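Heads up: the sequence shown begins at 32 in the working numbering, then just goes up one per residue.
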Amino acid sequence: MKETLLRRRTIRLYKQVDVARKDLEDLIDVARTTSTASNSQLLRYIVVQTPQLAQEVFKHTAWAALVKPNRTPVWDVSAPRTFIAVIAPVDAKPITFADAGAAIQSMQALATHKGLGCCWLGAINRQRLKEIFRLNDAQQVLFLLAVGVPDEKPVSEDVDSPDKVDYYLDDQNILHVPKLDAKSVATWR
(Lines of atoms letter the chains of each structure in order from A and count residues from 1; the text may use other names and numbers.)
(Lines give C-alpha, C1' and ligand atoms only; values in the text may rest on other atoms or scores of the structure.)
Protein backbone atom coordinates (compact mmCIF):
# COMPACT_ATOMS: atom_id res chain seq x y z
CA MET A 1 0.00 0.00 0.00
CA LYS A 2 2.79 2.42 0.89
CA GLU A 3 4.39 1.91 -2.52
CA THR A 4 1.10 2.74 -4.26
CA LEU A 5 0.70 5.91 -2.21
CA LEU A 6 4.30 7.00 -2.80
CA ARG A 7 3.99 6.27 -6.54
CA ARG A 8 0.85 8.41 -6.87
CA ARG A 9 1.55 11.68 -8.64
CA THR A 10 -0.77 14.28 -10.07
CA ILE A 11 -1.27 13.60 -13.78
CA ARG A 12 -2.06 16.45 -16.15
CA LEU A 13 -1.47 14.80 -19.54
CA TYR A 14 -3.61 11.84 -20.58
CA LYS A 15 -3.80 9.29 -23.37
CA GLN A 16 -7.03 9.52 -25.33
CA VAL A 17 -8.39 6.23 -24.01
CA ASP A 18 -11.69 5.73 -22.21
CA VAL A 19 -11.64 4.62 -18.59
CA ALA A 20 -13.58 1.40 -18.02
CA ARG A 21 -16.90 1.91 -16.26
CA LYS A 22 -16.00 -0.84 -13.75
CA ASP A 23 -12.88 1.10 -12.75
CA LEU A 24 -14.97 4.24 -12.21
CA GLU A 25 -17.54 2.29 -10.21
CA ASP A 26 -14.68 1.04 -8.02
CA LEU A 27 -13.48 4.62 -7.48
CA ILE A 28 -16.96 5.69 -6.39
CA ASP A 29 -17.16 2.63 -4.15
CA VAL A 30 -14.01 3.59 -2.23
CA ALA A 31 -15.10 7.23 -2.07
CA ARG A 32 -18.52 6.44 -0.63
CA THR A 33 -17.03 4.16 2.06
CA THR A 34 -14.29 6.58 3.13
CA SER A 35 -14.62 8.02 6.63
CA THR A 36 -16.73 11.15 7.05
CA ALA A 37 -17.21 13.34 10.13
CA SER A 38 -20.03 11.91 12.27
CA ASN A 39 -20.59 9.41 9.42
CA SER A 40 -22.54 12.23 7.76
CA GLN A 41 -22.04 10.92 4.19
CA LEU A 42 -23.02 14.28 2.68
CA LEU A 43 -20.92 13.95 -0.46
CA ARG A 44 -22.38 13.05 -3.82
CA TYR A 45 -20.55 12.33 -7.06
CA ILE A 46 -21.23 13.06 -10.70
CA VAL A 47 -19.22 10.87 -13.08
CA VAL A 48 -18.75 12.63 -16.40
CA GLN A 49 -17.79 10.39 -19.32
CA THR A 50 -19.96 11.64 -22.16
CA PRO A 51 -17.50 13.34 -24.54
CA GLN A 52 -19.58 16.49 -25.08
CA LEU A 53 -20.17 16.98 -21.36
CA ALA A 54 -16.56 16.17 -20.48
CA GLN A 55 -15.39 18.79 -22.99
CA GLU A 56 -17.75 21.37 -21.50
CA VAL A 57 -16.50 20.59 -17.99
CA PHE A 58 -12.89 20.76 -19.20
CA LYS A 59 -13.43 24.34 -20.44
CA HIS A 60 -13.97 25.44 -16.84
CA THR A 61 -10.74 24.08 -15.36
CA ALA A 62 -7.25 25.54 -14.87
CA TRP A 63 -4.04 23.51 -14.79
CA ALA A 64 -0.47 23.66 -13.34
CA ALA A 65 0.04 27.36 -12.84
CA LEU A 66 3.78 27.03 -12.17
CA VAL A 67 4.54 25.49 -15.57
CA LYS A 68 1.70 26.92 -17.63
CA PRO A 69 1.15 26.32 -20.54
CA ASN A 70 3.45 23.27 -20.66
CA ARG A 71 1.12 21.12 -18.56
CA THR A 72 -2.17 22.57 -19.75
CA PRO A 73 -3.93 19.67 -21.47
CA VAL A 74 -5.47 20.15 -24.91
CA TRP A 75 -8.91 18.73 -25.64
CA ASP A 76 -8.78 15.58 -27.83
CA VAL A 77 -4.98 15.54 -27.56
CA SER A 78 -3.93 15.30 -23.91
CA ALA A 79 -6.99 16.18 -21.81
CA PRO A 80 -8.70 13.75 -19.45
CA ARG A 81 -11.81 12.12 -20.88
CA THR A 82 -13.43 11.58 -17.49
CA PHE A 83 -14.20 13.82 -14.53
CA ILE A 84 -15.70 13.03 -11.15
CA ALA A 85 -17.38 16.03 -9.55
CA VAL A 86 -17.57 16.06 -5.76
CA ILE A 87 -20.84 17.66 -4.66
CA ALA A 88 -21.98 18.78 -1.19
CA PRO A 89 -24.79 20.80 0.36
CA VAL A 90 -24.14 24.55 0.34
CA ASP A 91 -24.78 24.65 4.09
CA ALA A 92 -22.31 21.86 4.83
CA LYS A 93 -19.90 22.48 7.69
CA PRO A 94 -16.23 23.19 6.88
CA ILE A 95 -15.32 19.63 7.92
CA THR A 96 -17.09 18.49 4.74
CA PHE A 97 -14.08 19.76 2.79
CA ALA A 98 -11.93 17.36 4.83
CA ASP A 99 -14.40 14.58 4.03
CA ALA A 100 -14.03 15.45 0.33
CA GLY A 101 -10.24 15.37 0.63
CA ALA A 102 -10.35 11.92 2.22
CA ALA A 103 -12.69 10.62 -0.49
CA ILE A 104 -10.56 12.09 -3.27
CA GLN A 105 -7.38 10.67 -1.76
CA SER A 106 -9.00 7.23 -1.62
CA MET A 107 -10.01 7.50 -5.28
CA GLN A 108 -6.52 8.65 -6.27
CA ALA A 109 -4.89 5.74 -4.44
CA LEU A 110 -7.13 3.16 -6.09
CA ALA A 111 -6.70 4.83 -9.49
CA THR A 112 -2.91 4.58 -9.11
CA HIS A 113 -3.22 0.92 -8.14
CA LYS A 114 -5.27 0.35 -11.32
CA GLY A 115 -2.70 2.12 -13.53
CA LEU A 116 -4.82 5.24 -13.92
CA GLY A 117 -3.87 8.83 -13.22
CA CYS A 118 -5.77 11.66 -11.57
CA CYS A 119 -5.62 15.38 -11.04
CA TRP A 120 -7.49 16.87 -8.08
CA LEU A 121 -8.82 20.16 -9.43
CA GLY A 122 -9.72 23.09 -7.23
CA ALA A 123 -9.04 25.79 -9.84
CA ILE A 124 -12.45 25.46 -11.42
CA ASN A 125 -15.39 27.70 -12.27
CA ARG A 126 -17.76 26.35 -9.63
CA GLN A 127 -20.72 28.49 -10.64
CA ARG A 128 -20.53 27.46 -14.28
CA LEU A 129 -20.09 23.80 -13.32
CA LYS A 130 -23.11 24.06 -11.02
CA GLU A 131 -25.11 25.20 -14.04
CA ILE A 132 -23.68 22.49 -16.31
CA PHE A 133 -24.53 19.80 -13.76
CA ARG A 134 -27.97 21.35 -13.17
CA LEU A 135 -27.50 21.40 -9.43
CA ASN A 136 -30.20 22.92 -7.29
CA ASP A 137 -29.64 25.94 -5.03
CA ALA A 138 -28.90 23.68 -2.07
CA GLN A 139 -25.93 21.98 -3.80
CA GLN A 140 -22.38 23.07 -4.61
CA VAL A 141 -19.39 21.70 -6.50
CA LEU A 142 -16.45 21.31 -4.13
CA PHE A 143 -13.84 19.80 -6.45
CA LEU A 144 -13.30 17.87 -9.66
CA LEU A 145 -11.15 14.79 -10.04
CA ALA A 146 -9.82 14.27 -13.56
CA VAL A 147 -9.30 10.57 -14.29
CA GLY A 148 -7.58 8.89 -17.21
CA VAL A 149 -4.71 6.86 -18.58
CA PRO A 150 -1.48 8.76 -17.82
CA ASP A 151 0.62 10.13 -20.67
CA GLU A 152 3.37 11.48 -18.45
CA LYS A 153 5.50 10.22 -15.58
CA PRO A 154 6.12 12.96 -13.04
CA VAL A 155 8.82 12.25 -10.47
CA SER A 156 8.88 13.07 -6.79
CA GLU A 157 12.02 14.21 -5.03
CA ASP A 158 12.65 14.93 -1.36
CA VAL A 159 13.77 18.41 -0.33
CA ASP A 160 14.52 19.90 3.07
CA SER A 161 13.22 23.45 2.72
CA PRO A 162 9.85 25.07 1.96
CA ASP A 163 11.79 27.37 -0.38
CA LYS A 164 12.42 24.41 -2.71
CA VAL A 165 8.88 23.03 -3.22
CA ASP A 166 7.91 24.63 -6.55
CA TYR A 167 7.39 21.93 -9.16
CA TYR A 168 9.27 22.36 -12.43
CA LEU A 169 9.99 20.83 -15.84
CA ASP A 170 13.48 19.64 -16.70
CA ASP A 171 15.08 19.81 -20.15
CA GLN A 172 13.49 16.42 -21.00
CA ASN A 173 10.00 17.84 -20.28
CA ILE A 174 9.67 15.67 -17.16
CA LEU A 175 7.74 17.22 -14.31
CA HIS A 176 9.60 17.19 -10.98
CA VAL A 177 7.53 17.52 -7.82
CA PRO A 178 9.60 18.36 -4.74
CA LYS A 179 8.18 17.09 -1.43
CA LEU A 180 9.43 18.10 1.98
CA ASP A 181 11.25 15.18 3.59
CA ALA A 182 9.98 13.50 6.75
CA LYS A 183 12.45 15.37 8.98
CA SER A 184 11.03 18.67 7.73
CA VAL A 185 7.38 17.91 8.44
CA ALA A 186 7.32 15.72 11.56
CA THR A 187 8.40 16.35 15.12
CA TRP A 188 8.85 13.35 17.41
CA ARG A 189 8.28 13.75 21.15
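Beta carbons: idealized from backbone N, C-alpha and C, even for Gly.
Source: prediction; values computed, not measured.
{"Item": "Look at the alpha carbon of R159 and the alpha carbon of T218, and state the distance between them as a whole number of angstroms.", "Value": "43 Å"}
{"Item": "So I59 and V78 are in contact, right, with Cβ under 8 Å, and what is the actual spacing, rounded?", "Value": "7 Å"}
{"Item": "When the distance is taken between beta carbons, is H91 closer than 7 Å to D167?", "Value": "Note that residue 167 is Asn in the sequence shown here, rather than Asp. No, the pair does not count as a contact, with Cβ atoms beyond the cut-off."}
{"Item": "If we ignore side chains and look at the alpha-carbon of each, how far apart do L211 and V186 end up?", "Value": "14 Å"}
{"Item": "Taking a contact to mean a Cβ-Cβ separation below 7 Å, would you say P133 touches L73 in this structure?", "Value": "Looking at the sequence shown, residue 133 is not Pro but Ala. Contact: no."}
{"Item": "Does DSSP classify S187 as helix, strand or coil?", "Value": "strand"}
{"Item": "Given that a residue counts as buried once 16 or more other Cβ atoms are within 10 Å of its Cβ, and exposed if not, what is D122?", "Value": "exposed"}
{"Item": "Where does the unbroken beta strand (DSSP E) through Q139 begin, and where does it stop?", "Value": "Segment I126 to H144 is the alpha helix (DSSP H) holding Q139; no beta strand (DSSP E) there."}
{"Item": "For the candidate residues N204, D189, D201 and A131, whose alpha-carbon lies nearest to that of Q171?", "Value": "A131"}
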